[in-house]
Structure formats: structure tokens, C-alpha cells
Amino acid sequence: MNMNQKGFANIVLVVLVVVLISAIGYFIFIKKSVPSTSQQTSDNTVYKTYVNTPYGFEFKYPQDWILDVDNKDFSLYLHDTNESNSILFMEAGLLDFISQSSVEKNAEYMRKRKDNLDTEEISINGGNAFYSVVSWDMGGPPTPNAYLVGRDHIFLMHFSKYDTSNGDGSLVRAEALFKQILSTFKFTADTQASAGSYKLHTEHFYRNEKFGFQVEMPSTWTKYVVREDKDETGTVIWFGLPLEGNKLIGSLSEQENSARVINIAWLDIMPIAYFEAHKDDCEGFDGPCFFPIEITRDSTHVYAWGGPNPHAGWDYCYTAAGTEPYVCKVRNDYWIDGRSIFEKTLKLIP
Numbered sequence: 000m001n002m003n004q005k006g007f008a009n010i011v012l013v014v015l016v017v018v019l020i021s022a023i024g025y026f027i028f029i030k031k032s033v034p035s036t037s038q039q040t041s042d043n044t045v046y047k048t049y050v051n052t053p054y055g056f057e058f059k060y061p062q063d064w065i066l067d068v069d070n071k072d073f074s075l076y077l078h079d080t081n082e083s084n085s086i087l088f089m090e091a092g093l094l095d096f097i098s099q100s101s102v103e104k105n106a107e108y109m110r111k112r113k114d115n116l117d118t119e120e121i122s123i124n125g126g127n128a129f130y131s132v133v134s135w136d137m138g139g140p141p142t143p144n145a146y147l148v149g150r151d152h153i154f155l156m157h158f159s160k161y162d163t164s165n166g167d168g169s170l171v172r173a174e175a176l177f178k179q180i181l182s183t184f185k186f187t188a189d190t191q192a193s194a195g196s197y198k199l200h201t202e203h204f205y206r207n208e209k210f211g212f213q214v215e216m217p218s219t220w221t222k223y224v225v226r227e228d229k230d231e232t233g234t235v236i237w238f239g240l241p242l243e244g245n246k247l248i249g250s251l252s253e254q255e256n257s258a259r260v261i262n263i264a265w266l267d268i269m270p271i272a273y274f275e276a277h278k279d280d281c282e283g284f285d286g287p288c289f290f291p292i293e294i295t296r297d298s299t300h301v302y303a304w305g306g307p308n309p310h311a312g313w314d315y316c317y318t319a320a321g322t323e324p325y326v327c328k329v330r331n332d333y334w335i336d337g338r339s340i341f342e343k344t345l346k347l348i349p
């Protein structure tokens with residue numbers, strides 16, 4: 000090798016070393032300077048991260064948006080400052096869904112649903128998403144909608160309201176934002192809470208051997224649903240009415256997968272220490288201060304009733320123009336001398 004070749008080789012070596020040092024320095028700088036709770040996208044929107052440890056998921060949303068969390072009903076309300084755009088996030092509440100503890104098996108359940116024939120299946124971190132644009136019979140603009148399927152849960156993410164001032168471009172913008180948020184969704188491995196499926200009951204006295212209690216149902220509850228959840232408070236037993244249209248349904252078969260549930264009340268079974276520490280707390284972002292009312296306790300746990308559920312219950316008597324009158328009847332039977340039938344009839348069993 001002559002001197003010119005050696006000189007050229009030395010120059011190349013120096014350049015490579017400089018590039019390598021610069022790259023390492025840049026990586027270290029970026030690693031230290033980017034916060035873990037925010038991310039800037041190509042459109043210069045800064046995103047914050049929401050992490051839900053009990054249910055095992057996280058996602059990012061625009062930093063200037065507001066996220067309200069309702070822990071009792073487990074729902075999230077995400078909106079901009081003037082609420083011209085809002086996204087709801089909640090458990091899907093699919094009556095015939097029983098988790099198979101498998102993403103693929105749960106996704107197969109979604110593929111078989113009749114109302115998911117026109118959906119786009121999207122892979123997300125730790126699960127699958129079933130995306131569609133939904134048009135509503137009662138009018139209003141079509142809205143982006145997605146079921147997020149994980150190992151243990153199916154969640155619903157719904158663009159409940161978006162700014163339509165941009166004409167035909169409004170939906171395009173809404174879809175772009177919705178899919179951007181959806182692309183950041185991640186199911187995490189650790190799940191401290193588990194939500195069971197709804198189970199249909201017809202017996203007048205509901206008896207729970209596992210948690211040692213019995214309670215009488217209102218006389219109109221000839222068919223009702225019960226679901227067991229786990230959260231940071233302990234165990235929550237939900238009681239509600241299964242609905243299809245304005246009628247009570249008779250089974251939870253797949254043919255009735257369009258059904259929904261009105262959760263009426265819940266029973267919290269929580270450690271005594273937790274109850275004493277939190278009984279004066281305020282819960283919920285859209286309702287009054289409330290904590291379940293103690294009915295009884297054993298040596299370790301408090302049994303406390305919460306309800307009626309303010310989000311989907313008695314207001315149907317007055318705001319739905321009589322389209323669901325049976326709910327008014329249920330309301331009348333639920334209250335006895337100013338107390339709920341659950342408060343009056345709950346008994347601990349050995």
C-alpha cells in the first residue's frame with residue numbers, strides 16, 4: 000500500500016470514528032432527554048401516556064386533551080378542552096363473551112359476531128383490534144369504533160363525538176386521530192383486575208356460595224345478570240338487567256349478541272381496613288360524592304352496596320319518552336321504604 004492509499008485509509012478511519020462517537024452521543028442525549036410520559040409525532044402533536052395497571056393496558060393521547068376516569072364503572076372519557084371531540088373507552092360488556100385466556104381464541108369469538116363482518120382487523124401490541132366506522136339508525140354522523148381484544152378482556156373504544164365543521168373532511172380527520180391513538184394501545188402482561196362475563200339468572204333469591212351471601216331480587220327481575228370483577232378495592236359483584244331494544248331478553252346466546260346490559264347496583268366485598276380508610280372518598284367525575292354503604296361485615300371484610308348506577312338506570316323513566324317503561328317498574332320494586340331491596344335482604348351464609 001503506498002502513502003496515498005494509507006493516507007486515504009486514515010482519513011476514512013477518522014471519519015468513521017467521528018460518526019460513531021456522534022451517533023453514540025446522540026443516542027445517549029435522546030435517551031436522557033425524552034420523557035417516558037410523552038411522545039411527539041410527525042404532525043408535532045405531543046402525546047401523553049395513560050397506564051392502567053389493574054386491567055393491564057396503556058395508550059397515548061394528545062397532551063392537551065383531558066382524561067376523566069370512572070373507576071367504579073370502569074370507563075374513560077377522553078376529550079379536548081371544549082369537548083368538541085370526545086372518545087369513550089370501556090369494557091365491551093358482551094353478554095355471551097367468556098374469556099378463553101387467549102388472544103387468538105378471543106379474537107375468533109369477535110370474528111364470528113354478525114356485527115363485525117365489515118370490520119378491519121388490526122394488530123395491536125399484545126392483542127387485536129376490530130375497527131369499523133359505525134352509522135347510527137337514530138341519525139348523526141358516522142363514528143369510528145373499535146373492539147380491542149386481549150388475553151383476558153375485550154374493550155370498546157368509541158369516538159362518541161367529533162368536530163364536523165370541516166364538512167366531508169371531518170370524518171377523515173376523526174379517523175386519523177382515532178387510529179393514531181389506537182396504534183399506541185398496548186396490552187401489558189400484568190393484570191391485577193379480572194372482569195368476568197355476565198351470567199344469566201332466573202332465581203328469586205340469588206345465593207353466592209363462593210363469597211358467602213344471599214340476597215333477594217326485585218319481583219320484576221325474572222331474568223337478571225350477575226358479573227364478578229376484581230379491582231383495587233377487592234371484589235365487585237354487579238347486578239343488572241339484560242336488554243335488547245326495550246325488552247328483557249331470555250338467554251345469552253350468540254344470536255342475541257346485540258344485547259346490552261343496564262347495571263343497576265353492585266356489591267363491594269372489601270377488606271375492613273380499606274373500607275375504613277376510603278369510606279369518605281368521592282368517586283366518579285360526573286356524579287356526586289359517593290362511597291358504597293355498609294350493610295354488614297364478617298371478621299375480615301365489609302359487604303357494602305353501591306347504586307343505583309347513575310349512568311344507565313332510572314332516568315329512562317323520564318327521558319326516553321316511555322320507550323322503556325319497565326325500568327320504572329323495576330325502580331319502584333327496587334326501593335322499599337326508602338331503602339334498596341339489597342340493603343334490606345342481604346344475609347351472610349356459612
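Under numbering that gives the first Met the number 0, the first residue of the sequence shown carries the number 0, and numbering increases by one thereafter. Here a beta-carbon is modelled for each residue, glycine too, at the ideal position from N, C-alpha and C.
Item to check | Delimiting residues of the beta strand (DSSP E) encompassing residue 154 | outcome: First-last of the beta strand (DSSP E) with residue 154: 153–160.
Next on the checklist: Can you list, in chain order, the residues of its chain with a C-beta nearer than 8 angstroms to that of residue 232? Leave out the 5 residues immediately preceding and following it.
Outcome noted: 267, 269, 273, 277
Checklist entry - Is residue 166 buried or exposed, if buried means 16 or more other CB atoms sit within 10 Å of its CB? => result Residue 166 should be labelled exposed.
Item to check | Cβ neighbour criterion (16 or more within 10 Å) applied to residue 59 | outcome: By the neighbour-count criterion, in which 16 or more other beta carbons inside 10 Å mark a residue as buried, residue 59 falls on the buried side.
Next on the checklist: On a Cα-Cα basis, can you pick out the residue from 107, 91, 219, 159 that is closest to residue 152?
Outcome noted: 91
Checklist entry - By how many angstroms is the C-alpha of residue 271 removed from the C-alpha of residue 264? => result 21 angstroms
Next on the checklist: I need the boundaries of the alpha helix (DSSP H) containing residue 203, first residue and last residue.
Outcome noted: First-last for residue 203: undefined, no H or E at that position.
Checklist entry - Taking C-alpha atoms, which residue in 46, 347, 51, 205 lies nearest to residue 211? => result Minimum Cα distance to residue 211 is reached at 347.
Checklist entry - Leaving out five residues before and five after residue 64 in sequence, what residues of the same chain have Cβ atoms less than 7 angstroms from its Cβ? => result The residues are 77, 78, 79.
Checklist entry - Would residue 322 be called buried (16 or more neighbouring beta carbons within 10 Å of its own) or exposed? => result Residue placement at residue 322 is flagged as unreliable, the pLDDT there being 46, under the threshold of 50; a coordinate-derived value is accordingly withheld.
Item to check | Beta-carbon spacing of residue 125, residue 187 below 8 angstroms | outcome: yes
Next on the checklist: Quick check: the Cα distance between residue 161 and residue 66, rounded to an integer number of angstroms?
Outcome noted: If you take the alpha carbons of residue 161 and residue 66, they lie about 16 angstroms apart.
Next on the checklist: Can you tell me whether residue 348 is helix, strand or coil according to DSSP?
Outcome noted: coil
Item to check | Option in 219, 57, 297, 159 with minimal Cα separation from residue 147 | outcome: 57
Checklist entry - Touching or not, the segment 102–110 and the segment 172–183, by the rule of three or more beta carbon pairs under 8 angstroms? => result no
Next on the checklist: I need the straight-line Cα distance from residue 205 to residue 85, nearest angstrom please.
Outcome noted: 39 angstroms
Checklist entry - Tell me the DSSP bridge mates of residue 350? => result The structure shown does not extend to residue 350, since the chain is modelled only from 0 through 349, so no value can be given for it.
Item to check | Under the three-state DSSP convention, the category residue 333 falls into | outcome: If DSSP states are grouped into helix, strand and coil, residue 333 belongs with the helices.
Checklist entry - What residues in its chain sit with their C-beta under 7 angstroms from that of residue 173, if we drop five residues either side in the sequence? => result 143, 158, 161
Next on the checklist: Can you list, in chain order, the residues of its chain with a C-beta nearer than 8 angstroms to that of residue 334? Leave out the 5 residues immediately preceding and following it.
Outcome noted: Contacts found: 340.
Item to check | residue 217, buried or exposed, once every other Cβ within 10 Å from all chains shown has been counted against 16 | outcome: buried
Checklist entry - What is the DSSP secondary structure of residue 47, counted as helix, strand or coil? => result strand
Checklist entry - Taking all protein chains shown into account, do 16 or more other C-beta atoms lie within 10 angstroms of the C-beta of residue 171, making it buried, or fewer, making it exposed? => result Under a 10 Å Cβ-count criterion, residue 171 is classified as exposed, with fewer than 16 other Cβ atoms of the shown protein chains found around its own Cβ.
Next on the checklist: Beta-carbon within less than 7 angstroms of residue 133's beta-carbon, same chain only, minus the 5 sequence neighbours each way: which residues are those?
Outcome noted: Its chain contains 141, 142, 144 as the residues whose beta carbon lies nearer than 7 angstroms to that of residue 133, once the 5 sequence neighbours on both sides are disregarded; these appear in chain order.
Next on the checklist: What does the Cβ neighbour count give for residue 50, buried or exposed, with the cut at 16 atoms within 10 Å?
Outcome noted: exposed
Item to check | Residue range of the beta strand (DSSP E) that includes residue 89 | outcome: 85–90
Next on the checklist: Alpha carbons only, please: which of 202, 154, 345 is nearest the one belonging to residue 93?
Outcome noted: The residue with the shortest Cα to Cα distance from residue 93 is 154.
Checklist entry - Would the beta-carbon of residue 203 fall within 8 angstroms of that of residue 215? => result yes
Checklist entry - For residue 172, which of helix, strand or coil comes out of DSSP? => result helix
Checklist entry - Under 8 angstroms, do residue 336 and residue 219 count as touching if we go by C-beta distance? => result no
Checklist entry - Which residues in the same chain have their Cβ closer than 7 angstroms to the Cβ of residue 117, if we skip the five residues on either side of it in sequence? => result 131
Checklist entry - Measuring CA to CA, which of 293, 213, 149 is closest to residue 101? => result 149
Checklist entry - How many Å lie between residue 127 and residue 103 at the Cα? => result Approximately 8 angstroms, taken between the alpha carbons.
Checklist entry - Around the C-beta of residue 342, are 16 or more other C-beta atoms found within 10 angstroms, so that it is buried, or is it exposed? => result buried
Item to check | DSSP state of residue 144 mapped onto helix, strand, coil | outcome: strand
Item to check | Selected residue, minimal CA-CA separation from residue 176, among 43, 54, 198, 300 | outcome: Check the Cα spacing between residue 176 and each of 43, 54, 198, 300: the tightest is with 43.
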